[in-house]
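Peer 1:
Protein chains: 2
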Amino acid sequence: MNFMEKEKPIGVFDSGIGGLTVVKRVASTLPKENIIYFGDTARVPYGSKSNSTVIEYGLQDARFLINKNVKAIVVACNTVSSVALKEIRNNFNVPVIGVIEPGAKKAARETKNGRIGVIGTRATVSNRAYSSEIKKINSGLEVFEKECPLFVPLAEEGWISHKATFEIAEEYLKELRELKIDTLVLGCTHYPILADVIQQVIGSDVKLIDSGVASAEVVYNELDRIGLHTNKNSLGSQEFYVSDIPTKFKEVAELFLGREIQSVQKVDLELLSV
Amino acid sequence: MNFMEKEKPIGVFDSGIGGLTVVKRVASTLPKENIIYFGDTARVPYGSKSNSTVIEYGLQDARFLINKNVKAIVVACNTVSSVALKEIRNNFNVPVIGVIEPGAKKAARETKNGRIGVIGTRATVSNRAYSSEIKKINSGLEVFEKECPLFVPLAEEGWISHKATFEIAEEYLKELRELKIDTLVLGCTHYPILADVIQQVIGSDVKLIDSGVASAEVVYNELDRIGLHTNKNSLGSQEFYVSDIPTKFKEVAELFLGREIQSVQKVDLELLSV
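Sequences listed follow chains A and B, in order.
Here the first sequence stands for residues 8 to 281, where the numbers follow the numbering used here.
Here the second sequence stands for residues 8 to 281, where the numbers follow the numbering used here.
1. Can you find the residues in the same chain that come closer than 8 Å, C-beta to C-beta, to Leu157(B), ignoring five residues on each side of it along the sequence?
2. Give the DSSP bridge partners of Tyr248(A), in chain order.
3. From the DSSP output, in three-state form, read off Thr190(B) for me.
4. Taking the alpha-carbon positions, what's the Ala79(A) to Val101(A) distance?
5. Across the region 148 to 162 of chain A and the region 116 to 128 of chain A, are there enough close Cβ pairs to call them in contact, namely three or more that are closer than 8 Å?
6. May I ask you to report which of helix, strand or coil DSSP gives Gly65(B)?
7. What's the C-alpha gap between Ala2(B) and Gly54(A)?
8. How about Ser250(B) and Val29(B): do their beta carbons lie closer than 8 Å?
9. Using CA coordinates, which residue listed in Leu37(A), Ala91(A), Phe20(A), Ile24(A) is at the minimum distance from Asp68(A)?
10. Strictly below 7 Å CB to CB, what residues from chain A border Ile175(B)?
11. Using a Cβ-Cβ cut-off of less than 8 Å, list which residues of the region 117 to 139 of chain B approach chain A; keep chain order.
12. Given Ala115(B), which residues of its chain have a CB within under 7 Å of its CB, disregarding the five upstream and five downstream residues?
13. Residues of chain B with CB closer than 9 Å to the CB of Lys273(A), please, in chain order.
14. Assuming Val192(A) contacts Gly110(A) (C-beta within less than 8 Å), just tell me the rounded distance between them.
15. Taking CB distances under 8 Å as the criterion, tell me whether Ser59(B) reaches chain A.
16. Along chain B, in chain order, which residues have C-beta atoms closer than 8 Å to that of Thr48(A)?
17. Considering only residues of the same chain and omitting the five flanking positions on each side of Gly25(A), which have a CB-CB separation below 6 Å?
18. Assign Ala79(B) to one of three DSSP states: helix, strand, or coil.
19. Chain B beta carbons: is any one of them nearer than 8 Å to that of Lys255(A)?
20. Which of the residues in the region 138 to 172 of chain B, read from start to end, lie with their CB under 9 Å from any CB of chain A?
21. How many Å lie between Leu264(B) and Gly243(A) at the Cα?
22. Could you tell me whether any Cβ in chain B is nearer than 8 Å to the Cβ of Asp189(A)?
23. With Arg32(A) and Gly219(A) assumed to form a contact (beta carbons below 8 Å), what rounded beta-carbon distance in angstroms separates them?
24. Can a CB atom of chain A be found closer than 8 Å to the CB of Asp231(B)?
25. If I measure Cβ to Cβ from Gln245(A) and keep anything under 6 Å in the same chain, skipping five residues before and after, which residues do I get?
26. Within the same chain, show all residues whose beta-carbon is closer than 8 Å to that of Ile216(B), passing over the 5 residues directly before and after it, in chain order.
27. Would a C-beta distance cut-off of 8 Å place Leu37(B) and Val226(B) closer than the cut-off?
28. Considering only C-alpha positions, which residue in the set Glu14(B), Phe45(B), Trp166(B), Asn85(B) is nearest to Val259(B)?
29. Take Glu94(A) and list the residues in its own chain whose beta-carbon comes closer than 8 Å to its own, dropping the five residues that flank it on each side.
30. Taking Cβ positions only, does Asp212(B) come closer than 8 Å to chain A?
31. If we cut at 8 Å on Cβ distances, does Asp217(B) have a partner in chain A?
32. Helix, strand or coil for Lys239(B)? Go by DSSP, reduced to three states.
33. Starting from Arg122(B), trace the beta strand (DSSP E) both ways and give me its first and last residue.
34. Going along the chain, which residues of its own chain have a beta-carbon closer than 8 Å to the beta-carbon of Leu201(B), five neighbours each way excluded?
35. Should Gly18(B) be labelled buried (16 or more other beta-carbon atoms within 10 Å of its own) or exposed?
36. According to the neighbour-count rule (16 or more other Cβ atoms, all chains shown, within 10 Å of its Cβ), is Glu40(B) buried or exposed?
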């Protein structure tokens with residue numbers, strides 16, 4: 008039975024398409040594993056919704072993956088990770104890995120001067136999710152959070168080296184630069200798309216923390232711990248499900264994933280609510 | 008009874024806060040009228056949702072206003088205006104005014120060279136809602152639509168004269184400028200916030216059409232036609248309802264409305280579904 012368990016896929020979900028940057032990281036850390044992705048594109052964004060709604064949606068998203076028979080769930084959504092991780096863990100009997108805890112731990116490990124910056128959406132920053140996670144690890148660390156609302160639409164436009172993107176990054180990051188941070192957490196799954204611009208603007212001496220990379224490492228260790236790494240020796244497959252297919256979806260999704268997507272299946276929201 | 012009817016408020020709704028630019032226009036065209044606004048901020052954006060969902064939500068939003076005893080409804084949302092106007096008209100016995108038809112009519116009236124540009128969100132542009140409305144009025148007119156996804160978050164950031172905003176406008180509008188349009192419809196209720204930048208970039212010889220202004224004129228004429236202008240001679244009141252109060256809501260709402268908001272009431276979505 009353990010043999011069968013090992014060959015189950017890893018499930019990854021997000022409120023939209025940002026989580027595809029996490030899929031990219033999980034796939035490069037665990038290239039032989041099969042991955043199933045679900046993006047709740049019909050109900051994105053979660054950040055502006057109430058906690059009870061986010062918990063309800065998060066449980067539905069997780070159940071969809073459980074029904075696909077996954078051996079672990081990666082919650083590639085900062086909002087669900089900060090609000091609903093406990094509920095998902097209580098409801099399902101597989102390892103559930105969020106993006107905030109791994110990102111926070113990695114930042115706490117990497118900083119030399121104890122000054123960590125966190126950038127995210129308005130919702131994530133106003134929750135102070137990373138700050139409280141980092142303070143739990145080491146209350147002596149100083150954390151400075153800054154909301155960068157334009158980074159998500161810039162990433163979705165694919166303006167990864169546009170002059171306007173540099174100017175917007177300049178405006179958002181100048182405060183963090185002045186605060187002499189040496190570590191910067193990309194606290195939104197869209198932001199790795201703009202990593203080059205962010206690195207140039209914040210300065211090459213600041214270490215960027217991609218939560219997706221950190222989460223992928225935790226998934227690796229977790230599969231180690233429970234002995235569920237796949238036995239096969241070929242590249243894993245990937246399946247993509249979304250609750251809606253917006254215009255330009257494929258183009259944007261491929262930018263985020265870093266490779267072509269063969270097919271995307273639309274899931275009926277009604278079925279999720281069961 | 009007609010006397011009582013006249014003193015009822017005008018209802019305005021939108022999927023979010025963009026419709027506040029329309030409230031501003033209705034209030035300046037009809038300063039003595041009371042206005043009730045509803046913004047479905049918990050379920051914004053509607054543009055990425057299916058038509059049947061948009062119709063369902065639009066009917067709920069309209070019913071909320073009807074329960075507030077309004078004498079007319081302004082659908083200050085491009086998505087609902089293009090998808091659900093007929094259903095709302097069929098269900099409620101008050102004048103229902105959208106933003107697309109008035110904007111399209113005004114553009115068709117204003118153009119001299121028969122070349123009209125329309126800018127909007129990805130959803131509005133991919134529906135070609137303005138094009139088909141303008142073609143219905145005069146099939147000889149040429150309409151060029153361009154999606155400008157970054158304008159909504161730029162408006163919500165309040166970056167109304169930022170260098171980055173000029174550069175983004177330059178990128179989005181250069182094609183329309185080359186197409187020698189003489190009239191440009193602001194096909195999204197957020198865009199009037201950026202009207203100065205848009206005007207400077209597209210050129211002072213291009214006439215901007217603010218759908219909110221056009222809709223307010225139609226409301227005025229409609230109240231004329233049915234004899235329901237208020238009799239009172241003092242400034243009208245305004246009430247604001249939303250389904251969620253996101254961070255920075257008041258600040259952004261006041262920018263859009265162009266004046267201070269005393270209070271905003273949060274409405275339970277559960278009650279809307281009844």
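Every residue, glycine too, gets a C-beta built ideally from N, C-alpha and C.
Peer 2: Working from what's here:
1. As a position in the second sequence, residue 157(B) is number 150, starting the count at 1. Excluding residues within five positions, the ones whose Cβ falls inside 8 Å are Ile175, Tyr179.
2. Residue numbering aside, residue 248(A) sits at position 241 when the first sequence is read from its first letter. Per DSSP, Phe45(A), Gln272(A).
3. Start at 1 with the first residue of the second sequence, and residue 190(B) comes out as number 183. In the structure shown, Thr190(B) sits in a strand (DSSP, three-state: E or B).
4. What you label residue 79(A) is simply residue 72 of the first sequence in a count that begins at 1. What you label residue 101(A) is simply residue 94 of the first sequence in a count that begins at 1. So the two alpha carbons sit approximately 5 Å from each other.
5. Here the region 148 to 162 of chain A makes contact with the region 116 to 128 of chain A; the two share three or more CB pairs at distances below 8 Å.
6. Taking the first residue of the second sequence as 1, we reach residue 65(B) at position 58. In the structure shown, Gly65(B) adopts helical secondary structure according to DSSP, grouped into three states.
7. Because chain B is modelled from 8 through 281, residue 2(B) falls outside the range shown and cannot be assessed.
8. On the second sequence, residue 250(B) is found 243 positions in, with the first residue counted as 1. On the second sequence, residue 29(B) is found 22 positions in, with the first residue counted as 1. Taking 8 Å as the Cβ cut-off, Ser250(B) and Val29(B) do not qualify as a contacting pair.
9. Counting from 1 along the first sequence, the entry for residue 68(A) is found at position 61. It is Phe20(A).
10. Here the question's residue 175(B) lines up with position 168 in the second sequence. Under the 7 Å cutoff, chain A gives Ala171.
11. Result list: Arg129, Ala130, Ser133.
12. In the second sequence, the residue the question calls residue 115(B) occupies position 108. Same-chain partners within the cutoff: Ile141, Ile144, Asn145, Leu148.
13. The sequence position of residue 273(A) within the first sequence is 266, counting from 1. Per Cβ cutoff of 9 Å: no residues; Lys273(A) is ~10 Å from chain B at best.
14. Taking the first sequence and counting its residues from 1, one reaches residue 192(A) at position 185. Taking the first sequence and counting its residues from 1, one reaches residue 110(A) at position 103. Going by Cβ atoms, the distance from Val192(A) to Gly110(A) rounds to 5 Å, so yes, they are a contact pair.
15. Counting from one through the second sequence, the residue named residue 59(B) turns up at place 52. Not closer than 8 Å to any Cβ of chain A, the Cβ of Ser59(B) fails to qualify, so no.
16. Counting from one through the first sequence, the residue named residue 48(A) turns up at place 41. Within chain B, the C-beta atoms nearer than 8 Å to that of Thr48(A) come from Ser55, in chain order.
17. In the first sequence, counting from the first residue as 1, residue 25(A) sits at position 18. Cβ contact annotation for Gly25(A) (same chain, cutoff 6 Å, sequence separation greater than five): Thr196, His197, in chain order.
18. Indexing the second sequence from 1 puts residue 79(B) at position 72. Of the three classes helix, strand and coil, the one that applies to Ala79(B) here is strand, per DSSP.
19. For this step, residue 255(A) is matched to residue 248 along the first sequence. Yes, because at least one Cβ of chain B sits closer than 8 Å to the Cβ of Lys255(A).
20. Glu154, Pro156, Leu157, Val159, Pro160, Leu161, Glu163, Glu164, Trp166, His169, Lys170, Ala171, Thr172
21. Position 257 of the second sequence, counting from 1, holds the residue named residue 264(B). Position 236 of the first sequence, counting from 1, holds the residue named residue 243(A). Taking the straight line from one Cα to the other gives about 53 Å.
22. Residue numbering aside, residue 189(A) sits at position 182 when the first sequence is read from its first letter. Chain B, which has no Cβ nearer than 8 Å to the Cβ of Asp189(A), makes this no.
23. Against the first sequence, residue 32(A) aligns to sequence position 25. Against the first sequence, residue 219(A) aligns to sequence position 212. Correct: roughly 4 Å between the Cβ atoms.
24. Here the question's residue 231(B) lines up with position 224 in the second sequence. Taking Cβ atoms only, chain A never reaches closer than 8 Å to Asp231(B), which makes this a no.
25. By one-based count along the first sequence, residue 245(A) stands at place 238. In its chain, beyond the 5 residues on either side, Ile42 have a beta carbon closer than 6 Å to the beta carbon of Gln245(A).
26. For the purposes of this step, residue 216(B) is identified with residue 209 of the second sequence, where counting begins at 1. Taken in chain order, the residues that qualify are Gly110, Lys113, Ala114, Glu117, Thr190, Leu191, Val192, Leu193.
27. Mapped onto the second sequence, residue 37(B) falls at position 30. Mapped onto the second sequence, residue 226(B) falls at position 219. Their beta carbons are under 8 Å apart, which means Leu37(B) touches Val226(B) by this criterion.
28. For this step, residue 259(B) is matched to residue 252 along the second sequence. It is Trp166(B).
29. On the first sequence, position 87 is the one that residue 94(A) refers to. Result list for Glu94(A): Ile62, Gly65, Leu66, in chain order.
30. What you label residue 212(B) is simply residue 205 of the second sequence in a count that begins at 1. No - not a single Cβ of chain A is within 8 Å of the one on Asp212(B).
31. Taking the second sequence and counting its residues from 1, the one referred to as residue 217(B) is at position 210. Answer no: the Cβ-Cβ gap between Asp217(B) and chain A never drops below 8 Å.
32. Locating residue 239(B) in the second sequence gives position 232, where the first residue counts as 1. DSSP places Lys239(B) in coil when its eight states are reduced to three.
33. Locating residue 122(B) in the second sequence gives position 115, where the first residue counts as 1. Taken as a continuous stretch (DSSP letters only), the beta strand (DSSP E) holding Arg122(B) covers 122 to 127.
34. On the second sequence, position 194 is the one that residue 201(B) refers to. Cβ neighbours of Leu201(B) beyond the five flanking positions: Phe158, Leu161, Ala162, Ile167, Thr172, Ala176.
35. Here residue 18(B) corresponds to residue number 11 of the second sequence, with the count starting at 1. Classification of Gly18(B): buried, given that the 10 Å Cβ count is 16 or more.
36. As a first step, residue 40(B) is located in the second sequence; it is residue number 33 there, counting from the start. With 16 or more other Cβ atoms within 10 Å, it is buried.
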